[in-house]
Each structure stands twice: as C-alpha cells, then as structure tokens.
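Engineer: Heads up, the sequence shown is in our numbering, so the first residue is 191 and it goes up one at a time. For glycine and all other residues, C-beta sits at the position ideal for the given N, C-alpha and C. Predicted, not measured: the structure shown is a model, and the values here were computed from it.
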Amino acid sequence: MPQSLDMVIVGAGFSGLYMLHRARGLGLSACVVEAADGVGGTWYWNRYPGARVDVESHEYSYSFSPELEAEWKWSERYAAQPELLRYLNHVADRFDLRRDIRFETRVTSAVFDEAANRWTVTTHRGDRISARYCVMATGCLSAPKKIDIPGADSFKGEVYNTTNWPEAGVDFTGKRVGIIGTGSSAVQTITEIAPHVGSLHIFQRTPSFSVPAHNGPADPEAVRNWRENREANRQAGRENPIGIVAAVFSDKLAVETPAEERNRIYEERWAKGGFAIGGAFADTMMTKEANDTLAGFVADKVRAVVKDTAIAEKLIPRTYPIGTKRFCVDTGYFQVFNQPNVTLVDIANASVTVTPKGVKSGDTEYEFDCLIFALGFDAMTGALSKIDIRGRDGMALKDKWGSGPRTYLGLMVSGFPNLFLVTGPGSPSVLSNMVVSIEQHIDWISDCIAALGQRQMDAIEATPEAEQGWVAHVNEVANMTLYPQANSWYVGANVPGKPRVFMPYPGGVGIYRQLCDAAAAKGYEGFALTSSAQR
Ligand code: FAD
Ligand code: NAP
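(1) Thinking C-beta only, is residue 466 closer than 7 Å to residue 246?
(2) What do you reckon, are the CB atoms on residue 337 and residue 369 nearer than 7 Å?
(3) What separation, rounded to the nearest whole angstrom, lies between the Cα atoms of residue 335 and residue 438?
(4) Which two residues bound the contiguous alpha helix (DSSP H) that contains residue 479?
(5) Taking a contact to mean a Cβ-Cβ separation below 7 Å, would you say residue 316 touches residue 201 in this structure?
(6) Taking buried to mean at least 16 other C-beta atoms within 10 Å of its own C-beta, is residue 589 buried or exposed?
(7) So, does the region 646-659 touch the region 583-600, judging by three or more C-beta pairs under 8 Å?
(8) With residue 578 as the anchor, note down where its alpha helix (DSSP H) starts and where it stops.
(9) Below 8 Å CB to CB, which residues in the same chain sit around residue 586 once its five sequence neighbours on both sides are set aside?
(10) For residue 359, which of 460, 241, 688, 280 has the nearest alpha-carbon?
(11) According to DSSP, what are the bridge partners of residue 302?
(12) With C-beta atoms as the reference, is residue 249 less than 7 Å away from residue 623?
(13) My understanding is that residue 564 touches residue 373, with C-beta atoms under 8 Å, so please give their C-beta distance in whole angstroms.
(14) Does the Cβ-Cβ distance between residue 536 and residue 366 come in under 7 Å?
(15) Where does residue 724 land, buried or exposed, given buried means 16+ other C-beta within 10 angstroms?
(16) Cβ of residue 230 within 6 Å of any heavy atom in the ligand GTP?
(17) My output table needs one value for residue 692: the three-state DSSP class, helix, strand or coil.
(18) May I ask you to verify whether the region 610-617 touches the region 672-688, counting CB pairs closer than 8 Å and requiring at least 3?
(19) Give me, in chain order, the residues of the same chain whose beta-carbon lies closer than 8 Å to that of residue 519; leave out the 5 immediate sequence neighbours on both sides.
(20) With a 10 Å radius around its C-beta and 16 neighbouring C-beta atoms as the bar for buried, classify residue 515 as buried or exposed.
(21) Let me check one thing: in DSSP terms, what residues is residue 319 bridge-paired to?
(22) Taking the continuous alpha helix (DSSP H) assigned at residue 414, which residues delimit it?
(23) Closer than 7 Å by C-beta to residue 347: which residues in its own chain qualify, once you throw out the five before and the five after it? Chain order, please.
(24) So residue 266 and residue 397 are in contact, right, with Cβ under 8 Å, and what is the actual spacing, rounded?
(25) Between which two residues does the alpha helix (DSSP H) carrying residue 720 extend?
(26) Apart from the five residues on each side of it in sequence, which residues of its chain come closer than 6 Å, Cβ to Cβ, to residue 573?
(27) Which stretch, first to last residue, makes up the beta strand (DSSP E) that contains residue 535?
(28) Check the DSSP bridge columns for residue 291 and list the partner residues they point to.
(29) Ordered along the chain, which non-local residues of its own chain (more than five positions away) have a Cβ less than 6 Å from that of residue 698?
(30) Quick check: is any heavy atom of the ligand NAP less than 6 Å from the C-beta of residue 243?
(31) Return the residue from the list 632, 689, 673 that minimises the CA-CA distance to residue 215.
(32) What is the rounded straight-line gap between the Cα of residue 441 and the Cα of residue 708?
(33) With a cut-off of 8 Å, do at least 3 Cβ pairs link the region 349-358 to the region 496-505?
(34) By how many angstroms is the C-alpha of residue 569 removed from the C-alpha of residue 554?
(35) Residue 543 lies in the beta strand (DSSP E); which residues open and close that run?
(36) For the alpha helix (DSSP H) that residue 462 lies in, which residues bound it at each end?
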C-alpha cells in the first residue's frame, strides 16, 4: 500500500521548503522527496569556486517570515554558495522541516488516478506515495545539460562539472586547468581560480555580457535601510518587473535620450552594480537601436579593462542583443584576461574534441591536469522531463510538451489536475529574482488549495482554452521583445533537439502577479474546479 498524504512535493530547494511550510500551515499532511542528501537545491549542487548569488542577499531571501528575516544576517552584499546553503539549512531547522523530507530519493514517476482523484508518486527506491496534490518544485536549472563534446569521457586527468561539484572542494594550485563554457557558472569559476592555477585555458564558443557586482562585506547602512523599510521594500520587489528593488525601472527611452545624458545614466547604474543597469531605459529589450546603446557602453567597459585589444574584441558579444541571455554578474572577470597565465581559446568557429591529455581545437592540442565543464542546464523542462508524469487518460507530459511546454500561467497544465508547477514555463521565473517568483507561486498554490476546501471542491485543472490563450499570450509578449533573437537556454537552443520556444513569461513579475491574483479573484477563471460529488 502506498503511503497516503494530502500533498507530495518534489524537491527541497527554496521552492520545496517553503511549500512544505505552507502545506503544514493549511493542516495538510505533506512530504518532500529530494534526490540530494541535504536541502538547498541549486545551492546544494553548485558548489563550484566563486558560486554566489547575482541579486543582493537581502533581496534573494524569503520574505514570508519577518522573524526569520530579522534574525539572519548576511555577511556579504552578494552571498556566496556556502552561506546560501547555511541559510537554507537554517530555514529547514527553524521550521522543523526535515522530519517530512525523504533525502537521497529520486522521483521516477507521477501518475494521476482519475477515479481516486489522486497522484501516485514512485521513487527509485520503489516507494510509492499517494497524494491529492502533487507539487513539482524540481527547479528550472537543476538538470545539467548532457556533455555534448566528442571524446568527453576520454580525458585521463581530473574532471569537474560546475553543476555537481565535489563537497570537499578542489585545490587547483599550480595545476594546468582547462575550462569549457563562458556562461555565469564559468565566469564565477574562472574569476575565483585564476589567481591560483598554474595556467588556465578558457574555451569560449560565445562571449557573455557581464556586469560588475561590486561585491563586498554587507554595508551596515544598506542593511539598516532595508530592515527599517522591510515591508515597503518587499512590496516594491513583488511589483518590480524583475523582482529586484535595486533594479529601479525607468520609463525613459534610450533612443530619445541624448547620448551624453544616456551615458551618464549608464555610468550611474554601472556604479551601482548588478541588474541596476538593465532598468536604465524602458526600451532596452524592445528595439535593437536602444539595445545597441547599452551593448556599446558595456563593450567599451571591456575594452577599458582588457589590455590586449584582440582579446578584448573576442570577449565582446556580437551575435545577440544584450539582456537576451541573463547577465553574468561578476567580480573582476575581465581583469583575469590580463594575467599572463590565462589564455582565451576562441572556439566559435573551430572544432573541439576532448582527448586523453586535454582538449584539441583545430590543429592544436592543449594539455591539462584538470578539465572543468561549465556547459549549463536543460533548463525549465529538463527536471520535469526526467520524471514520467502521466495525467488524465495516461497522457504523458513529455508527449503533451513534444513541441514545447504548454501551461496556464506557468502554474498548471490542462489534463493534469491537482499538479502544480513552481516557476514553471509560462511564468516569469528565470527572468526574475527567483525567490520572489517562488514565494508568489507557493502563496498562490496555497491560497488555491485553501479556496478549494472552502468551496468543498477537491480538484482544480487548467482548461484547454485558458492554456491555449496563455501560451499565445506568452508568445505574443515574447515576440514584442528582443528575447527570442538569442540562441539562449530561454528558448532551449543550448540542448540539441529541444523545440525552440521562448519558455519564461517576459511580461514582468508585477504584472504577472496581478494576472494570477485576478484569475483567483474571479473564482479561478481559466480553471475547472470540481468536487467528487460532481464527478
Ligand atoms: P532548485 O534549487 O533547483 O531545487 C530543486 C530540487 O529538486 C533539487 O534539489 C533537485 O535535486 C530536486 N529534484 C529535481 N528532480 C527531482 C526528482 N525527480 N526527484 C527528487 N528530487 C528532484 N536565481 C536567482 O534569482 N538569482 C541567482 O543569483 C541565481 N543563481 C543561480 C546560480 C546557479 C549556479 C544556478 C544553477 C541557478 C541560480 N539561480 C539564481 C536560479 C536558482 O535555481 C533559483 O534561484 C532557486 O534556487 C531555485 O529554487 P528551486 O527550489 O525552485 O529549485
Ligand atoms: P549557460 O549560461 O548555459 O552557459 C553554458 C556555457 O557553456 C556557454 O558558454 C555555452 O556556450 C557553453 N557550452 C555549452 N555546450 C557547449 C559545447 N558543446 N561546446 C562548447 N561550449 C559549450 O550555463 P551556466 O553558466 O551554468 O548558467 C545557467 C544559468 O544559471 C544562468 O544564466 C543563470 O540564470 C544561472 N546562474 C546564475 C549564477 C549567478 O550569477 N548567481 C551563476 C551560475 C548560474 P554557448 O553560449 O555558445 O552555447
């Protein structure tokens, strides 16, 4: 007999932990199933050197408990992975969450039984859990991309992957190191290890736009300001287009602003650091002309740092508009290229093969002691597609999403009653400060389940019409922006064979929240609510 619960939650990162806390608050019996042997999700797995948050720590943290917020002190403006993992462990202990988490257990299938109106979740250990509600808190960036470089298994030296870094850490002192990839994970790793390695070869297929974090110890004045205005700040985050208070969005247009004034504004925001620069003008993501002004400004910053002009030009992205891939937020990345022991290998138009001794690109073989892969993720749908999820009439989610993910509001899928997605495709998720988006989804799901109870209903499902309308709306909004122009993981372009669909909702966190709240206020418009008696 399977264990019988009200709710089963898959994943124990920011999403799963908060969902469990809220489920208990609703009086539901619930458990979390987690593949890792600890909580933390992203911050459990990605322990590579230099891993740190790209949003200021006090913003990238839960807001649901003022007490939790008051007692936790961040040591740096942008917390590093060990501190984020400590924070999530503290949350798990403070709210006594561990007793309902099954660690080292991977969910392999989730099957809906229409007659019983219940989900049966099966794990790799053979456990079966039956629950009315199933919440997929499996993460948008938790399924590493398969290493798609020929010969990858042949290297005889030490091999590391940023997505699953050894807990004990790695000593690269004096070693000959190669790293493939130049996305956020690589940028952080490179910056951290470059001072210690013997030599570092960086294999770059596409350069990244990177902006400075200006990280440092937490500023007591900023912390005091944040705390004194906690409620207002949190509300501003929830209403901000990307969920980041520090990224104040202007309604000025770059194209209507004289060049001198525009540059002054960019300089001001560059000095603030992080995503602030993304909000400088309202048209940055709307027209190429506006976008080029920011891309040009950032390119000049690279030129000002990197002494070798040929290398500087190779580090400047030219094949996609700025912001159409998430900015890297760095702490001295471009400075690394002035070090004599660092070599940039441009593989944009060259073949790359891993060999027993290192990496061969074109006719040159580079020999290494250690090789690091920083190749990214099968984003947004990867973790879900690894689970055999079957809804009404045995329909497989994988099949339903064969031409790209389809959801209503990124929260539910037609044909899959009582299955909730946290930060699913069709919601702002990865375009935002994700903790803000996670809390919004968990609160919405919790309120929805409470509302079902009040109405003596026990099933909710997105209608096919609402889902179709939402998918069309997401596409329409995306096509009004420059986002689809990049071969990014937002469109699945990084994974061979993945359908090219813009997955997150680019309409903004604040607007999206209003749409979700409006649907709920109108009696869950776009959803079918039923009771067992009706069925
Ligand atoms: P995750 O933290 O990914 O947790 C999902 C959990 O589900 C994992 O522990 C996984 O093991 C588990 N799981 C998945 N499938 C199964 C299964 N079948 N069975 C059992 N368990 C399963 N976002 C930001 O806003 N700012 C940042 O600075 C930022 N930095 C990031 C840095 C890195 C290196 C990465 C990879 C992502 C970053 N993100 C950032 C995005 C980050 O993923 C989110 O901010 C947030 O941590 C997601 O929380 P989550 O709980 O939804 O998912
Ligand atoms: P990513 O942005 O997808 O970068 C992967 C890198 O690997 C890219 O440079 C890519 O090149 C390269 N690559 C992939 N396959 C390759 C191949 N076969 N041959 C050569 N190069 C290859 O992945 P990521 O760096 O892990 O970041 C993913 C996301 O996680 C980020 O966008 C961000 O949202 C989040 N993140 C945030 C932080 C942070 O600052 N807090 C840190 C890490 C991650 P192409 O571009 O040419 O494909």
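Structural biologist: Based on what the coordinates show:
(1) In the sequence shown, residue 246 corresponds to position 56, counting from 1. In the sequence shown, residue 466 corresponds to position 276, counting from 1. No Cβ-Cβ contact shorter than 7 Å links residue 246 with residue 466.
(2) Here residue 337 refers to the residue found at position 147 when the sequence shown is read from its first residue. Here residue 369 refers to the residue found at position 179 when the sequence shown is read from its first residue. Not in contact: residue 337 and residue 369 (Cβ atoms no closer than 7 Å).
(3) Translated into the one-based positions of the sequence shown, residue 335 becomes position 145. Translated into the one-based positions of the sequence shown, residue 438 becomes position 248. One C-alpha to the other measures close to 33 Å.
(4) Locating residue 479 in the sequence shown gives position 289, where the first residue counts as 1. Its alpha helix (DSSP H) spans residues 478-495.
(5) Here residue 316 refers to the residue found at position 126 of the sequence shown. Here residue 201 refers to the residue found at position 11 of the sequence shown. Residue 201 sits away from residue 316, with the two beta carbons spaced by 7 Å or more.
(6) For this step, residue 589 is matched to residue 399 along the sequence shown. Around the Cβ of residue 589, a 10 Å sphere holds fewer than 16 other Cβ atoms; the residue is exposed.
(7) As far as the Cβ criterion goes, the region 646-659 touches the region 583-600, which means the pair count is three or higher.
(8) Indexing the sequence shown from 1 puts residue 578 at position 388. From DSSP, residue 578 is part of no alpha helix (DSSP H) but of the beta strand (DSSP E) over 578-580.
(9) Residue numbering aside, residue 586 sits at position 396 when the sequence shown is read from its first letter. So the qualifying residues of the chain are 578, 579, 580.
(10) Mapped onto the sequence shown, residue 359 falls at position 169. Among 460, 241, 688, 280, the Cα nearest to that of residue 359 is on 241.
(11) The residue given as residue 302 occupies position 112 in the sequence shown. In the DSSP output, where bridge partners are listed per residue, residue 302 has 309.
(12) Residue 249 sits at position 59 when you count from the first residue of the sequence shown. Residue 623 sits at position 433 when you count from the first residue of the sequence shown. The Cβ atoms of residue 249 and residue 623 sit closer than 7 Å to each other.
(13) Taking the first residue of the sequence shown as position 1, residue 564 is located at position 374. Taking the first residue of the sequence shown as position 1, residue 373 is located at position 183. In this structure residue 564 touches residue 373 by the C-beta definition: roughly 7 Å separates them, less than 8 Å.
(14) Position 346 of the sequence shown holds residue 536. Position 176 of the sequence shown holds residue 366. Cβ distance not < 7 Å, so residue 536 and residue 366 don't count as in contact.
(15) Within the sequence shown, the letter at position 534 stands for residue 724. Answer is exposed; the Cβ neighbour count stays below 16.
(16) Ligands in the displayed structure: the ligand FAD and the ligand NAP; the ligand GTP is not one of them.
(17) Within the sequence shown, the letter at position 502 stands for residue 692. Residue 692 falls in the coil class under three-state DSSP.
(18) Under the 8 Å Cβ criterion, the region 610-617 does not count as touching the region 672-688, having fewer than three qualifying pairs.
(19) Within the sequence shown, the letter at position 329 stands for residue 519. Beyond the five residues adjoining it in sequence on each side, residue 519 comes within less than 8 Å, by CB distance, of 244, 268, 374, 400, 401, 402, 403, 463, 464, 465 in the same chain, given in chain order.
(20) Counted from its first residue, the sequence shown places residue 515 at position 325. In summary, residue 515 is buried, with 16 or more beta-carbon neighbours lying within 10 Å of its beta-carbon over all protein chains present.
(21) Along the sequence shown, one-based indexing puts residue 319 at 129. According to DSSP, which records beta bridges pairwise, residue 319 is partnered with 193, 311.
(22) Position 224 of the sequence shown, counting from 1, holds the residue named residue 414. Membership of residue 414 in the alpha helix (DSSP H) is indicated by the continuous run 410-418.
(23) Walking along the sequence shown from the start, residue 347 turns up at place 157. Here the set comprises 558, 559, 560, 561.
(24) Translated into positions along the sequence shown, residue 266 becomes position 76. Translated into positions along the sequence shown, residue 397 becomes position 207. A Cβ-Cβ separation of about 27 Å leaves residue 266 out of contact with residue 397 under the 8 Å criterion.
(25) Your numbering for residue 720 matches position 530 in the sequence shown. For residue 720, no alpha helix (DSSP H) run applies; the uninterrupted beta strand (DSSP E) run containing it begins and ends at 717-720, by DSSP.
(26) Working through the sequence shown from its first residue, we reach residue 573 at position 383. Correct list, in chain order: 328, 329, 332, 333.
(27) Translated into the one-based positions of the sequence shown, residue 535 becomes position 345. Following the DSSP letters along the chain, one finds residue 535 inside the beta strand (DSSP E) bounded by residues 532-536.
(28) Along the sequence shown, one-based indexing puts residue 291 at 101. DSSP, once it has assigned bridges, lists 222 as partnering residue 291.
(29) Indexing the sequence shown from 1 puts residue 698 at position 508. Spatial neighbours of residue 698 in its own chain (CB-CB distance under 6 Å, excluding positions within 5 residues in sequence) are listed in chain order as 431.
(30) The sequence position of residue 243 within the sequence shown is 53, counting from 1. Correct: residue 243 has its Cβ closer than 6 Å to the ligand NAP.
(31) Within the sequence shown, residue 215 is the residue found at index 25, counting from 1. Comparing C-alpha distances from residue 215 to each of 632, 689, 673 shows the shortest one belongs to 632.
(32) For the purposes of this step, residue 441 is taken as the residue at position 251 of the sequence shown. For the purposes of this step, residue 708 is taken as the residue at position 518 of the sequence shown. Answer to the nearest angstrom: the Cα atoms are 25 Å apart.
(33) No, because fewer than three Cβ pairs between the region 349-358 and the region 496-505 fall closer than 8 Å, the two stretches do not touch.
(34) Position 364 of the sequence shown, counting from 1, holds the residue named residue 554. Position 379 of the sequence shown, counting from 1, holds the residue named residue 569. Computed Cα separation, rounded: 33 Å.
(35) Within the sequence shown, residue 543 is the residue found at index 353, counting from 1. Segment 542-544, the beta strand (DSSP E) holding residue 543.
(36) The residue given as residue 462 occupies position 272 in the sequence shown. Residue 462: member of the alpha helix (DSSP H) spanning 449-462, first to last residue.
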